[in-house]
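Beneath this line is the structure, given in structure tokens, with notes to follow.
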Amino acid sequence: METGYAVNRVGILTSGGDAPGMNAAIRGAVRTLQCLGIDCVGIRHGYAGLIRGDVIPLDERVVRGITGRGGTMLYTARSDEFRTEQGIARAADNCKYMGIDGLVVIGGDGTFQGALRLFKKSGVNVIGIPCTIDNDIACTAYTIGFDTACNTAVEAVDRLNDTMQSHERCSVVEVMGHKAGHLALNVGIATGATIIMVPEVSYDFDKDVIERIRAARIAGRTNFTIIVAEGAEKGQVVADKIQKSLGLETRFTALGHVQRGGSPLIRDRVTATYMGYSAVMLLAEGCGAKVMAVDGDKYIHYDIEEALNMKKPFDYDTYNSFSALTFLDRNFFKCIAK
Ligand code: F6P
108 METGYAVNRV GILTSGGDAP GMNAAIRGAV RTLQCLGIDC VGIRHGYAGL
158 IRGDVIPLDE RVVRGITGRG GTMLYTARSD EFRTEQGIAR AADNCKYMGI
208 DGLVVIGGDG TFQGALRLFK KSGVNVIGIP CTIDNDIACT AYTIGFDTAC
258 NTAVEAVDRL NDTMQSHERC SVVEVMGHKA GHLALNVGIA TGATIIMVPE
308 VSYDFDKDVI ERIRAARIAG RTNFTIIVAE GAEKGQVVAD KIQKSLGLET
358 RFTALGHVQR GGSPLIRDRV TATYMGYSAV MLLAEGCGAK VMAVDGDKYI
408 HYDIEEALNM KKPFDYDTYN SFSALTFLDR NFFKCIAK
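Residues in the sequence shown are numbered consecutively from 108, following our numbering.
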């Protein structure tokens with residue numbers, strides 16, 4: 108049925124690692140489509156599901172009450188087949204077969220790379236919604252799920268800090284983040300960590316880890332927290348080296364997938380709902396291959412190709428101020444004064 112908009116049937120999928128807020132984005136998109144009278148189908152298991160034709164009808168009733176639920180009701184996957192020419196061709200054929208002329212894809216960089224290839228192959232308009240706990244998508248200051256994941260990690264590290272303080276131990280905590288240190292930086296600052304190890308900063312282990320723990324001990328501390336981004340170093344290796352070098356009782360914890368679960372916090376619910384709505388409005392207007400983004404307090408969008416070519420800078424200012432505050436580096440403040 109013709110709707111009078113640029114699209115008549117929109118497919119929604121979630122792809123890559125799940126993140127808290129994916130369900131809210133799905134709901135925002137579905138309800139907007141219903142209001143516009145555009146047909147809506149859910150594609151399960153990401154691009155793998157599009158290749159298999161694994162679709163379900165979506166309407167207001169199906170998405171009722173999911174805003175506060177973690178995970179994704181559409182399931183998610185990382186599809187190797189979709190990276191092949193044959194996989195893309197089958198996905199494009201399925202869009203044609205099912206009359207899908209618009210897609211909302213919710214995920215990270217890998218999801219957007221897939222979206223661009225599909226757009227080029229099939230001509231189906233596609234809008235990306237940035238959703239990953241890593242906050243590593245260059246075109247946007249914020250990715251849905253980041254705040255919730257940081258808070259989950261902070262709660263866990265606060266608990267670890269209680270027991271480390273009681274036993275006067277060192278806690279090495281490995282957090283997710285893929286190849287980026289955004290999550291580690293925020294968690295480390297929020298928990299008063301002794302050291303934060305991120306892939307964007309190189310380390311001399313003796314000088315930057317061992318000597319710093321020693322200096323903190325001399326200054327009166329008896330328990331220590333080291334936050335290690337998974338992309339920087341293996342947390343277990345860091346823990347073993349500290350124990351060996353200092354004879355300090357050290358315990359290692361990998362927070363792992365705990366960080367991906369849980370009910371999304373308000374920022375993620377609101378951002379996701381708005382982006383779900385906006386993505387559909389862009390499709391209705393006839394926009395092609397775009398990705399939604401946050402810029403300060405505004406929502407904007409970029410061409411996917413342009414977005415994928417951008418580089419996300421690491422927040423060195425915040426990182427340097429963390430170090431200065433942790434180690435009372437008065438020279439840092441002298442430099443700033445000049
Ligand atoms: O991209 C999200 C993320 O959780 C990364 O932080 C992590 O490196 C990766 O996914 C883990 O992937 P998987 O769920 O496949 O183990």
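Don't be surprised by glycine CBs; every beta carbon is placed ideally from N, CA and C.
Taking a cut-off of 8 Å on C-beta distances, the segment 204–217 touches the segment 136–153, as three or more cross pairs fall below it. Linking cysteine 142 to glycine 124 through their CA atoms gives a straight-line distance of about 30 Å. At a Cβ-Cβ threshold of 8 Å, alanine 184 and serine 229 do not count as neighbours.
The three-state reading of DSSP puts arginine 116 in strand, counting E and B together. Taking C-beta atoms as the reference points, lysine 286 and phenylalanine 312 fail to come closer than 8 Å.
Each of Gly153, Thr110, Ala248 was checked against the Cα of lysine 418, and the nearest Cα belongs to Ala248.
Scanning the segment 172–242 for uninterrupted beta strand (DSSP E) segments of 3 residues or longer gives 209–214, 232–237, listed from N- to C-terminal end. Taking a contact as a CB-CB distance under 8 Å, the pair glycine 235 and phenylalanine 219 counts as one, their CB atoms being some 5 Å apart. Assignment of histidine 408 by DSSP, reduced to helix, strand and coil, places it in the strand class.
Comparing alpha carbon positions, the residue from Met388, Lys441, Gly369 closest to threonine 179 is Gly369. Approximately 5 Å separates the beta-carbon atoms of alanine 336 and valine 305; this is inside 8 Å, confirming the contact. A distance below 8 Å separates the beta carbons of valine 137 and valine 170. Threonine 301 sits close to phenylalanine 331, with the two beta carbons spaced by under 8 Å. Residue Ala155 holds the alpha-carbon nearest to the alpha-carbon of asparagine 201 among Leu435, Asp166, Asp187, Ala155.
For glutamate 275, the three-state secondary structure derived from DSSP is coil. The alpha-carbon of isoleucine 407 is positioned some 28 Å away from that of histidine 152.
In this structure, proline 164 keeps its C-beta atom at 8 Å or more from the C-beta atom of threonine 255.
Taken in chain order, the complete beta strand (DSSP E) segments of 3 residues or longer contained in the segment 373–433 are 396–402, 405–410. Per DSSP, methionine 304 lies in no alpha helix (DSSP H) segment; the continuous beta strand (DSSP E) that holds it begins and ends at 302–304. Closest option to glutamate 188, judged by alpha-carbon separation, among Leu157, Val212, Glu167, Arg176: Leu157. DSSP places arginine 168 in the coil class of the three-state scheme, outside both helix and strand. Put simply, the segment 393–410 does not touch the segment 289–297. Fewer than three CB pairs are less than 8 Å apart. Here the alpha carbons of aspartate 161 and glycine 177 stand approximately 22 Å from one another. Comparing C-alpha distances from threonine 191 to each of Ser309, Arg224, Glu167, Val212 shows the shortest one belongs to Arg224.
Under the three-state reduction of DSSP, glutamate 281 is assigned to strand.
Rounded to the nearest whole angstrom, the CA to CA distance from glutamate 356 to threonine 250 is 37 Å. In this structure, the beta-carbon distance from cysteine 246 to tyrosine 409 falls below 8 Å. Between the segment 126–135 and the segment 373–390 there are three or more C-beta pairs closer than 8 Å, enough to call the two in contact. CA-to-CA, the gap between threonine 433 and lysine 314 works out to about 15 Å. Judged by DSSP in its simplified three-state form, glycine 149 adopts strand. Relative to the non-hydrogen atoms of the ligand F6P, the Cβ of arginine 171 never comes closer than 7 Å to any of them. Contact between isoleucine 333 and valine 279 holds: their C-beta atoms lie close to 5 Å from each other, under 8 Å. Residue ranges of uninterrupted alpha helix (DSSP H) with 4 or more members, entirely inside the segment 301–372 and ordered along the chain, are 318–325, 342–353. Your pair methionine 283 and glutamine 366 checks out as a contact, with CB atoms roughly 5 Å apart and the cut at 8 Å. Counting only the Cα atoms, isoleucine 373 lies some 37 Å from arginine 319.
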